[in-house]
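Here's the structure we're looking at; comments come further down.
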Amino acid sequence: MDAAAKNKPIDQGVRLRVQDLIAHYVDVIDQDRLEEWPDLFTENCRYLITSAESYEEKLLHGVIYADSRGMLRDRVSALREANIYEAQRYRHLVGPIWVEAESEMTVMARSHFLVIRIMHNGETMLFACGVYRDRIDISGTPYRFIERLVVTDSHKIDTLLAIPI
Amino acid sequence: MDAAAKNKPIDQGVRLRVQDLIAHYVDVIDQDRLEEWPDLFTENCRYLITSAESYEEKLLHGVIYADSRGMLRDRVSALREANIYEAQRYRHLVGPIWVEAESEMTVMARSHFLVIRIMHNGETMLFACGVYRDRIDISGTPYRFIERLVVTDSHKIDTLLAIPI
Amino acid sequence: MDAAAKNKPIDQGVRLRVQDLIAHYVDVIDQDRLEEWPDLFTENCRYLITSAESYEEKLLHGVIYADSRGMLRDRVSALREANIYEAQRYRHLVGPIWVEAESEMTVMARSHFLVIRIMHNGETMLFACGVYRDRIDISGTPYRFIERLVVTDSHKIDTLLAIPI
Chain A
404 MDAAAKNKPI
414 DQGVRLRVQD
424 LIAHYVDVID
434 QDRLEEWPDL
444 FTENCRYLIT
454 SAESYEEKLL
464 HGVIYADSRG
474 MLRDRVSALR
484 EANIYEAQRY
494 RHLVGPIWVE
504 AESEMTVMAR
514 SHFLVIRIMH
524 NGETMLFACG
534 VYRDRIDISG
544 TPYRFIERLV
554 VTDSHKIDTL
564 LAIPI
Chain B
404 MDAAAKNKPI
414 DQGVRLRVQD
424 LIAHYVDVID
434 QDRLEEWPDL
444 FTENCRYLIT
454 SAESYEEKLL
464 HGVIYADSRG
474 MLRDRVSALR
484 EANIYEAQRY
494 RHLVGPIWVE
504 AESEMTVMAR
514 SHFLVIRIMH
524 NGETMLFACG
534 VYRDRIDISG
544 TPYRFIERLV
554 VTDSHKIDTL
564 LAIPI
Chain C
404 MDAAAKNKPI
414 DQGVRLRVQD
424 LIAHYVDVID
434 QDRLEEWPDL
444 FTENCRYLIT
454 SAESYEEKLL
464 HGVIYADSRG
474 MLRDRVSALR
484 EANIYEAQRY
494 RHLVGPIWVE
504 AESEMTVMAR
514 SHFLVIRIMH
524 NGETMLFACG
534 VYRDRIDISG
544 TPYRFIERLV
554 VTDSHKIDTL
564 LAIPI
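Residue numbers (this note's numbering), protein chains in the order written: chain A, 404 to 568; chain B, 404 to 568; chain C, 404 to 568.
Written out as structure tokens, the structure is:
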């Protein structure tokens with residue numbers, strides 16, 4: 404970590420592009436444009452859904468784990484074959500968002516999220532909430548996730564959990 | 404649509420004023436200042452509450468429909484006569500918000516929303532969630548909605564639905 | 404109140420630092436870093452949790468009340484002794500946020516909030532929603548709350564309410 408960079412205030416333009424990346428992410432999921440989802444990550448990346456308890460114990464296993472864009476693509480293919488989106492949709496709410504400098508090439512971001520699940524019959528329920536913990540590549544545009552840890556507050560992970568959060 | 408304008412980055416000042424309009428909208432509803440609500444629209448406008456299913460099938464009918472500021476004013480008068488606010492309140496959460504250029508005079512915006520309903524006895528419930536799809540007049544200040552489509556995720560629209568979402 | 408200041412547009416830098424203060428506030432609560440919470444207030448301050456009904460009747464009593472940073476510190480000590488965080492966590496979602504000029508030294512802010520409570524067994528529930536009504540000292544950095552009124556929509560305040568909202 405670059406201590407000098409870390410203490411510099413974040414440029415407003417960087418902040419806006421980070422917000423846009425985070426917004427874009429929930430957009431492709433909620434609007435069922437999952438094929439665009441892997442493109443929001445760098446080629447070598449880490450995506451993990453885990454619980455707050457596991458995160459605090461530094462146990463970085465989780466319900467969903469991927470360490471390359473290819474693995475994310477495989478997951479999307481599997482979801483399409485299983486027709487998961489027939490049965491349910493998500494609605495993400497996000498905010499607030501923090502952005503912190505890390506180096507000339509990367510920033511760290513955290514954001515609070517809430518996911519509502521809407522079943523095909525119209526039933527809605529509070530599905531998950533927690534924190535996104537991101538490391539983001541800002542060396543080119545568009546910005547991309549190098550790492551996105553989805554830390555859910557509850558350890559009760561629904562066995563239906565298959566769509567990325 | 405103006406392709407050149409669409410590709411231009413959104414000016415930061417425009418973006419902030421759009422965010423302010425969207426914030427103002429939920430403020431007048433949640434704080435029971437409904438009389439100010441029609442003024443957030445242009446004289447000729449479109450306001451529609453519909454479900455995601457209907458929206459995807461391009462069926463632009465809905466539970467509430469208005470195509471002029473006068474119709475919005477009539478709705479407020481009707482709500483006041485029915486004393487709807489005696490029985491319930493809303494709390495809107497909004498975020499994230501996207502803004503896209505359309506022309507020199509207009510922008511498109513989308514935002515995720517969640518509405519909690521609070522009954523007079525103190526009971527609270529998740530009432531609705533979905534996306535606001537807006538076309539906004541930015542040719543003068545304050546900015547105003549030319550079109551606001553309220554696309555709810557669930558097709559189960561409560562028959563009590565009378566307050567604008 | 405300074406009428407000239409009130410009509411001036413808010414500087415973008417001020418707006419961002421206000422957003423950061425509001426974000427920081429929910430961060431220290433949700434991440435169980437409560438010891439940092441009193442430092443977000445000025446030495447002489449007012450912190451109050453009250454219901455929308457009481458607020459509208461100008462009854463500024465509430466479930467939690469403090470008028471100095473010392474009282475906030477005492478509350479944190481009491482919570483630690485009671486091991487409240489063993490039993491429950493919160494997740495705050497916040498948005499939208501409004502900022503209004505008041506004087507050269509202060510701004511007013513309002514923001515919509517939603518709190519999810521996560522019990523130790525993993526159960527989650529919609530715990531509270533409402534509006535933060537803030538008066539903020541912007542004369543130095545970091546910005547601090549002079550007054551934070553937490554106005555909850557429901558008058559049903561859970562008897563377990565002990566953690567700051």
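For glycine and all other residues, C-beta sits at the position ideal for the given N, C-alpha and C. Bear in mind that the values here come from a model prediction, so they are computed numbers and not experimental data.
*Put A/Ile521 into one of helix, strand or coil per three-state DSSP.*
strand
*Quick one: what's got a C-beta closer than 6 Å to A/Arg420's C-beta in the same chain, skipping five residues either side?*
Tyr546
_chain B within 9 Å of C/Lys559, Cβ atoms only_ = yes
*asked:* For a minimum of 3 consecutive residues, which ranges assigned as the beta strand (DSSP E) are wholly contained in the segment 421-493 of chain C?
replied: 444-454, 467-471
*What do you get for B/Leu414, buried or exposed, if any count of 16 or more other CB atoms within 10 angstroms of its CB means buried?*
Looking at the sequence itself, residue 414 of chain B is Asp, so the reference to Leu does not match. Its Cβ having fewer than 16 others within 10 Å, B/Asp414 is exposed.
_C/Ala406 at chain A interface by Cβ criterion, 9 Å_ = Reliability fails at C/Ala406, whose pLDDT of 49 lies under 50, so the model's placement of it is uncertain and no value is given.
_Cross-chain neighbours of C/Ile519 in chain A, by beta carbon under 9 Å_ = Leu517, Leu529, Cys532, Asp556
*So is B/Tyr498 buried or exposed if we call it buried at 16+ other beta carbons inside 10 Å?*
A quick correction: the sequence has Gly, not Tyr, at residue 498 of chain B. Burial call: buried.
*How is B/Ile543 classed by DSSP in three states: helix, strand or coil?*
A small fix is needed here, since residue 543 of chain B is Gly in this sequence, not Ile. Three-state result, B/Gly543: coil.
*So, are the CB atoms of C/Trp501 and C/Ala485 less than 9 Å apart?*
no
*Skipping 5 residues on each side, what residues in its chain have a beta carbon closer than 6 Å to that of B/Asp470?*
Arg449
*Per-residue contacts from C/Ile425 into chain A (C-beta, under 9 Å)*: Pro499
_Distance cutoff 9 Å, beta carbons only. Does B/Gly525 sit that close to anything in chain C?_
yes
*For C/Glu507, is the classification buried or exposed, using 16 other Cβ atoms within 10 angstroms of its Cβ as the cut-off for buried?*
exposed
*List the residues of chain A that C/Leu496 touches, going by C-beta distances under 7 Å, in chain order.*
Leu496, Gly498, His515, Leu517
*Tell me, please, which residues DSSP counts as bridged to C/Ser514.*
C/Ile500, C/Tyr535
_Using only the alpha-carbon positions, how far apart do C/His495 and C/Ala531 sit?_
10 Å
*Where does B/Arg472 land, buried or exposed, given buried means 16+ other C-beta within 10 angstroms?*
buried
*Rank C/Thr555, C/Ile549, C/Tyr428, C/Glu503 by C-alpha distance to the C-alpha of B/His427 and give the top, closest one.*
C/Glu503
*asked:* Using CA atoms only, rank isn't needed, just tell me which of B/Tyr535, B/Tyr493, B/Ile519 is closest to B/Asp435.
replied: B/Tyr493
_Rounded to whole angstroms, what is the Cα-Cα separation between A/Leu474 and A/Asn447?_
One detail in the question is off: residue 474 of chain A reads as Met in this sequence, not Leu. In a straight line, the C-alpha of A/Met474 is about 10 Å away from that of A/Asn447.
*Between the segment 533-542 of chain A and the segment 537-553 of chain B, are three or more C-beta pairs nearer than 8 Å?*
no
*For C/Arg483, count neighbouring Cβ atoms within 10 angstroms of its own Cβ and tell me buried if that reaches 16, exposed if not.*
exposed
*asked:* Quick check on A/Tyr535: buried or exposed, where buried means 16 or more other Cβ atoms within 10 Å of its Cβ?
replied: buried
*6 Å CB neighbourhood of A/Val431 in its chain, flanking five on each side removed*: Glu439, Trp440
*In this structure, what does DSSP give as the bridge partners for A/His495?*
A/Val518
*asked:* Taking CB distances under 9 Å as the criterion, tell me whether C/Val502 reaches chain A.
replied: no
*Compare the C-beta of B/Val429 with all C-beta atoms of chain C and state if any pair is closer than 9 Å.*
yes
*Output the distance between the C-alpha atoms of C/Tyr468 and C/Tyr458, rounded to the nearest integer angstrom.*
14 Å
_Using only the alpha-carbon positions, how far apart do A/Met522 and C/His523 sit?_
27 Å
*Burial state of C/Leu424 (16 or more Cβ within 10 Å)*: buried
*Do you know how far the Cα of C/Ile452 is from the Cα of B/Ile566?*
27 Å
_Just to confirm, is the Cβ distance from B/Ile568 to C/Leu529 under 9 Å?_
no
*Nearest CA to the CA of A/Thr527: which residue from B/Lys559, B/Arg538, B/Leu462, B/Leu437?*
B/Lys559
*Out of C/Arg418, C/Arg476, C/Ser514, state which residue places its alpha-carbon closest to the alpha-carbon of C/Asp442.*
C/Arg476
*Helix, strand or coil at B/Met404 [DSSP, three-state]*: Low confidence applies to B/Met404: its pLDDT is 43, below 50, so where it sits in the model is not reliable enough to give any reading.
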